[in-house]
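Going by my numbering, the first residue of the sequence shown is number 8, and it counts up by one from there. Built from N, CA and C at the ideal position, the CB exists for glycine as well. On a predicted model such as this, the values are computed, not experimentally measured, just so you know.
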Amino acid sequence: MNCIIIDENIEDLNLIDLKLKQFSNLQVVGKFSNFIDAKLYIVKNSVDLIIIEIGNEHEICFSFLDSLTENLKIIFTSYYTEFAFRSFNYNCVDYLKKPIQDDRLKKSVKKVIKQSSKKNNGNHIYVKSKLKKRKIYLTDIKWIEALGDYIKLITTSENIIILSSLKSFEKELPNEKFMRIHKSFIVNLDKIETYDSKNVFIDSSEIPLSRNKKIELDAILSLKNHQ
């Protein structure tokens, strides 16, 4: 799991980095004292977890988080407690009061790792839409479509717009049930009715199928049919 740390206090930044070295399955891939450099890194690299300080410039911090299209897990740190409630509008795992106690940090990181290992084993996921967390059953998702900085979940009952990239959301889905068949589309394999060399058909809707994904789709569906 790849983690970056954002903290304007260099001493705190390095201290958190040092504390995280005890976790063999967590790698600190970046340390930043400003949001601009952090944003540039996230855009170009794979990141799973952000440990971010809410400091004096707290509005800039929340604006930075609002600008992210990746659905990243977040551990907040702060000398202030008044932003704790607001932090849970984001994909917040924990809110740690500075100075950070070793056992609290350890507990938070273990929670992230546990969530990551279990995320593909359940029958539902939680998505953030209109500042609320919503429970979505995987069996209800028909396909997911990229819409710039957003994605659209097409379900059996409604369409849901979410601030996320398709790449990030794909990580939340079990790969034995969902497949990215095009740069802009992920489909629920169990919802596919028919397909040809160019399209997949779900409920009479045509979803484009990339040429290089056709062979992979053939193999996966053939395997599912023999299970």
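How many Å lie between L22 and S191 at the Cα? 40 Å
Buried or exposed: which applies to I132, given that a residue is buried once 16 or more other Cβ atoms fall within 10 Å of its Cβ? It is buried - the Cβ of I132 has at least 16 other Cβ atoms within 10 Å.
Between which two residues does the beta strand (DSSP E) containing C85 stretch? Here residue 85 turns out to be Ser, not Cys, going by the sequence shown. Here the beta strand (DSSP E) through S85 covers 80-85.
Excluding the five sequence neighbours on either side, which residues of its own chain have a C-beta within less than 6 Å of the C-beta of R141, listed in chain order? V134
Can you tell me which residues form a DSSP beta bridge with Y144? H131
Out of curiosity, what's the CA-to-CA distance linking R93 and I107? 20 Å
Please report the distance separating the alpha-carbon of V194 from that of G155. 18 Å
How close, in whole Å, do the beta carbons of K26 and D109 come, if the pair is a contact with beta carbons under 8 Å? In this structure K26 is in contact with D109, their Cβ atoms being roughly 7 Å apart against a cut-off of 8 Å.
Return the CA-CA distance between Q29 and I214, expressed in angstroms with no decimal places. The straight-line gap from Cα to Cα measures roughly 45 Å.
Terminal residues of the continuous beta strand (DSSP E) containing F192? 192-195
Coil, strand or helix - Q34 by DSSP: strand
Can you give the Cα-Cα distance for N127 and K178, rounded to whole angstroms? Because N127 sits at a pLDDT of 49, beneath the cut-off of 50, its placement in the model cannot be relied upon, and the following sentence gives the value as read from the coordinates. Their Cα atoms are separated by approximately 9 Å.
Please confirm whether N98 has its beta-carbon closer than 9 Å to some beta-carbon of chain C. Absent from the structure: chain C. Only one protein chain is present.
Within this structure, are the beta carbons of N98 and S53 separated by less than 9 Å? Taking 9 Å as the Cβ cut-off, N98 and S53 do not qualify as a contacting pair.
Please confirm whether I11 and I49 have their CB atoms less than 9 Å apart. Taking 9 Å as the Cβ cut-off, I11 and I49 qualify as a contacting pair.
Taking 9 Å as the cut-off, decide whether the C-beta atoms of I158 and S171 are in contact. yes
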